[in-house]
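Residue numbers (the numbering used here): 3 to 324. Heads up, the beta-carbon is just placed ideally off N, CA and C, and yes, glycines get one too. Treat the numbers as computed from the prediction; the structure is a model and nothing was measured. Working notes for the structure below.
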């Protein structure tokens, strides 16, 4: 009998211990789930590849304002200009993929590996969503004697036509090259320090034409004539200006798009939380109003759509500029 009592006591102790282990395991699972669902708990840094005051900077800050209300933490913009954006992109790519460092990625994320041999490849990042688009436009001076895009192309088929852009390796230089390839015309890109000075060069006759964003062209007022929009539809702020396809029958589409990205390897729940927050921010009234006032288009692509698009753009620029 004593031996049986001991055996029963041991069994009871074992059962209690097993129950404790199960409860402990359940508690740890619940704690783990709570930790996963708690993101974000700390402030988030938003790295901007450009100087304060430019289009990338202002778009990033407008989005950051909306993200703060959605995520419940501070989203702190940090400017990190240099190497045409490569400095910031390489920095973001080297950070821990925990969601607390994200960045604004302009179109150059699909260009820099080709144009500057930079260590920047779309596949090395988690692309969270596209947030804007600034379609390219082609302008000439109002006194140039060129009335249409067809006139400009005809002149470029007779001899080289100078076209100002915002800088060597920029999207607008690529757009100029793309227009020449599509039309078998000779356009000679001329780099300037920014889109505003490029359009001013066309307005003054220093160059025959310019390719830039619409905002820089509209800022010149009646000093320039806008010949075409490099988009698949007309711009709401210049509805009388045809697309390139409408003007000359060539599907030439280039624009200064941008979106939000992060280091490769975000946990699924963190990536989902950030992607959802970006979508909500883009859809907010405040952000929509900002982009409209800036002359940009609000174009949203989710993570999967934007990843496909950026990879397609990477291949395009590699073929065009490589």
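Item to check | Where residue 108 falls: helix, strand or coil (DSSP) | outcome: Collapsing the DSSP output to three states places residue 108 in a strand.
Checklist entry - Taking residue 211 as the reference, which of 101, 114, 247, 181 has the closest Cα? => result Taking the Cα of residue 211 as reference, the smallest distance to any Cα among 101, 114, 247, 181 is reached at 181.
Next on the checklist: For residue 112, which residues in the same chain have their Cβ closer than 7 Å to its Cβ, ignoring the five residues on either side in sequence?
Outcome noted: The answer, listed in chain order, is 124, 312, 315, 316, 319.
Next on the checklist: So if DSSP puts residue 308 in a beta bridge, which residue, or which two residues, is it bridged to?
Outcome noted: As DSSP reads the structure, residue 308 sits in no beta bridge.
Checklist entry - Could you give the distance in angstroms between the alpha-carbon of residue 234 and the alpha-carbon of residue 188? => result Each residue's Cα considered, the two are about 23 Å apart.
Checklist entry - Who are the near neighbours of residue 275 in its chain, counting only those whose CB is closer than 6 Å to its CB and skipping five residues on each side? => result Sequence-distant Cβ neighbours of residue 275 in its own chain, meaning closer than 6 Å and more than five residues away, are 41.
Checklist entry - Taking the alpha-carbon positions, what's the residue 171 to residue 259 distance? => result Per the coordinates, the alpha-carbon of residue 171 lies some 15 Å from the alpha-carbon of residue 259.
Item to check | Where residue 291 falls, given that 16 or more other Cβ within 10 Å makes a residue buried | outcome: Counting every other CB atom within 10 Å of its CB across the protein chains shown gives residue 291 a total below 16, marking it as exposed.
Item to check | Enclosing beta strand (DSSP E) for residue 190 [first to last residue] | outcome: That run of the beta strand (DSSP E) goes 189-193.
Next on the checklist: Let me confirm a value: residue 309 is counted as buried when at least 16 other C-beta atoms fall within 10 Å, else exposed. Which label applies?
Outcome noted: Residue 309 is buried by the Cβ-count criterion.
Checklist entry - My guess is that residue 90 and residue 118 are in contact by the Cβ rule of under 8 Å, so how many angstroms apart are they, rounded? => result Not a contact, Cβ separation roughly 14 Å.
Checklist entry - What are the boundary residues of the alpha helix (DSSP H) that includes residue 91? => result Boundaries of the alpha helix (DSSP H) around residue 91: 88-95.
Checklist entry - At which residue ranges does the segment 255-324 contain complete beta strand (DSSP E) runs of 3 or more residues, listed in the order of the chain? => result Within the segment 255-324, the complete beta strand (DSSP E) runs of at least 3 residues are 257-265.
Checklist entry - According to the neighbour-count rule (16 or more other Cβ atoms, all chains shown, within 10 Å of its Cβ), is residue 78 buried or exposed? => result Here residue 78 is exposed. Its C-beta has fewer than 16 other C-beta atoms within 10 Å.
Checklist entry - To the nearest whole angstrom, what separates the beta carbons of residue 139 and residue 265, a pair I think is in contact under 8 Å? => result No, residue 139 and residue 265 are not in contact; Cβ-Cβ is about 35 Å, not under 8 Å.
Checklist entry - Since residue 113 sits in a beta bridge, which residues does DSSP pair it with? => result Within the DSSP bridge table, the entry for residue 113 names no partner.
Checklist entry - By the 10 Å Cβ neighbour count, where 16 or more other Cβ atoms means buried, how is residue 168 classified, buried or exposed? => result Under this definition residue 168 is a buried residue.
Next on the checklist: DSSP three-state label for residue 205, please.
Outcome noted: Helix.
Item to check | Coil, strand or helix - residue 148 by DSSP | outcome: Correct three-state label for residue 148: coil.
Item to check | Through-space distance from residue 261 to residue 220, alpha-carbon basis | outcome: If you take the alpha carbons of residue 220 and residue 261, they lie about 24 Å apart.
Item to check | Length of the line joining the Cα atoms of residue 105 and residue 156 | outcome: Whole-angstrom Cα-Cα distance: 42 Å.
Item to check | Same chain, Cβ closer than 7 Å to residue 126, neighbours up to 5 away in sequence not counted | outcome: Same-chain partners within the cutoff: 95, 266.
Checklist entry - Hey, how far is the Cα of residue 61 from the Cα of residue 51? => result Taking the straight line from one Cα to the other gives about 12 Å.
Next on the checklist: Taking contact to mean 3 or more Cβ pairs, one atom from each stretch, closer than 8 Å, check whether the segment 225-232 and the segment 141-152 are in contact.
Outcome noted: At 8 Å Cβ cutoff, the stretches touch.
Next on the checklist: Quick check on residue 137: buried or exposed, where buried means 16 or more other Cβ atoms within 10 Å of its Cβ?
Outcome noted: With 16 or more Cβ atoms within 10 Å of its Cβ, residue 137 is classed as buried.
Item to check | Close beta carbons around residue 296, own chain, < 8 Å, minus the five adjacent residues each side | outcome: Excluding sequence neighbours, residue 296 sits near 57, 60, 61, 217.
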